[in-house]
Structure formats: structure tokens, C-alpha cells
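All remarks here apply to the structure that follows.
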Amino acid sequence: MVDYRKIAIRTLETPRLLLRPILASDASRIQSLFSNPKVLQYLHAGLPIPYPEDGALEFLSRVLPRVEAGEEYLWVLLRKENPEEGMIGQISLTPKGEDDHRGFWLGEPYWEQGYMKEAVGAVNDFAFDELKMDHLLLNNAEPNVASHRLKESCGAEIIGRYEKEFVGGLFTSVRWKLTADAWRKYRSGEHGSL
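Taking the numbering used here, the leading residue of the sequence shown gets 81, the next gets one more, and so forth.
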């Protein structure tokens, strides 16, 4: 079994994005993007609403030690064409997560442009090729159609549904499993591609 703590987080690259490890200096941009309730509606119910003025700083104070300890991988998405604008979203990977291994969110101005599809591809490759994970467990609120389609397009299969509280209310949560083999088939173009 791989000791994930020995595999350091590093910057990942896609055709249009840099996925850089999260930094304390990302706080103001997180705060700005999280001021939009549409970005938050399908995230876990533990987020305070309205998002407090120090919410991003509090979040980073909790997550940065986990990233530094190798318990979680957390990247911010930067557009190569304009990295100075700051992060446009975030994607995480928690190899030892019990319920969910990968999660993400994207600022509303960047929706429906394929950015998260690129980020998911890079993180899935990292999970399966570098961390040697054999599967990912994934979840999304059922009304979050874009997240649902993304998981489906990657080769993930639905393994269950249950009620869960999200920021936007109580929704059915769709539970998925993506195996390394299924991901590699999709990545190779055997059943389509990202």
C-alpha cells in the first residue's frame, strides 16, 4: 500500500490550466468567489451562510496543515492565459477519505467552459498513476447536473443514492465509484475521452 504522505503535492498542468497547491495568499480570492451563493449551493452543509468575512482564512487555517502533512491534496485552478486574475476554482483529493475522495468547485464566471473537466482529468491521473489508488468514491447533489455529467463522462458508475444536507438544502446525493481501470479505458479513448 502506498504511503500517501510520502508523495508531495505538486503543480499539475492541463492544456489551459495550472493546478497549483493552495496557499494562504489565496484567501482573498476564495472569499471573493464564495460571496456568490450559486457557487456554494451544492457544497456540504457545514459551510456558514452567509459566508463570513474571515471564512477563507478560517478554512485555510484548517486545510493547510492537512496538505502539509500529506493527508489531503488541494489545488487551485489558474488559467494559463491570465494567471494574474488568481484562482478560478479548487479541486481536492483525499486518498483516505471515507465518503468522498475528490471534490471541487468553480467560480460562476468560469462555468460551462470545460475547465473542471481538464482539472478532473489531471487529478484523476495523479490519483491513479502516482498515488496508485484503485478507485475513487465521489458524490454530488442530484440537481447538480454539470457535476453529474462530468462523473459520468469519466467512466464513474453510480453505486447509491441517499439524502444529504447541502448549503442549498436537503437533496439526494448521488454516490459514484470510479475505478482505475474504467478511468484508463476512458482516458485511452476506448469509450470516449475527456
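Built from N, CA and C at the ideal position, the CB exists for glycine as well.
If you reduce the DSSP assignment to three classes, tell me which class residue 156 lands in.
strand
The beta strand (DSSP E) with residue 221 in it runs from where to where?
215-221
Give the DSSP-derived three-state secondary structure of residue 262 in the structure shown.
helix
Distance CB(residue 99)-CB(residue 137) smaller than 9 Å:
no
Sequence-distant residues of the same chain with beta carbon closer than 6 Å to residue 102, five excluded per side:
154 and 156
Is there a Cβ of chain B sitting closer than 9 Å to that of residue 148, yes or no?
Given the protein chain composition of this structure (a single chain), no chain B is represented.
Run through the region 150-213 for me and flag every whole beta strand (DSSP E) of 3 or more residues, listed as ranges in chain order.
153-159, 169-173 and 182-186
Opposite residue 232 in the DSSP bridges: which residues?
BP columns for residue 232 are empty, so no partner.
Go through the region 82-128 residue by residue and report every complete run of the alpha helix (DSSP H) that reaches 4 residues or more, in order.
107-113 and 117-120
Looking at C-beta atoms only, is the number of pairs between the region 81-99 and the region 177-190 that lie closer than 8 Å three or more?
no
So which of 265, 82 and 86 has the shortest CA-CA distance to residue 201?
265
Report the three-state DSSP secondary structure of residue 227 (helix, strand or coil).
helix
If you drop the 5 nearest sequence neighbours on each side, which residues of the same chain put their C-beta closer than 7 Å to that of residue 160?
96, 97 and 98
Nearest-angstrom Cα distance between residue 225 and residue 183?
15 Å
Does the Cβ of residue 115 have 16 or more other Cβ atoms within 10 Å, making it buried, or fewer, making it exposed?
exposed
Would you kindly report the start and end of the unbroken beta strand (DSSP E) that includes residue 279?
In the structure as shown, the chain starts at 81 and stops at 274, and residue 279 therefore has no counterpart that could be examined.
With residue 148 as the anchor, note down where its alpha helix (DSSP H) starts and where it stops.
135-148
Which same chain residues, not among the five before or five after residue 227, have their C-beta less than 6 Å away from its C-beta?
220
Give me the residue from 140, 179, 204 and 107 with the minimum Cα distance to residue 244.
179
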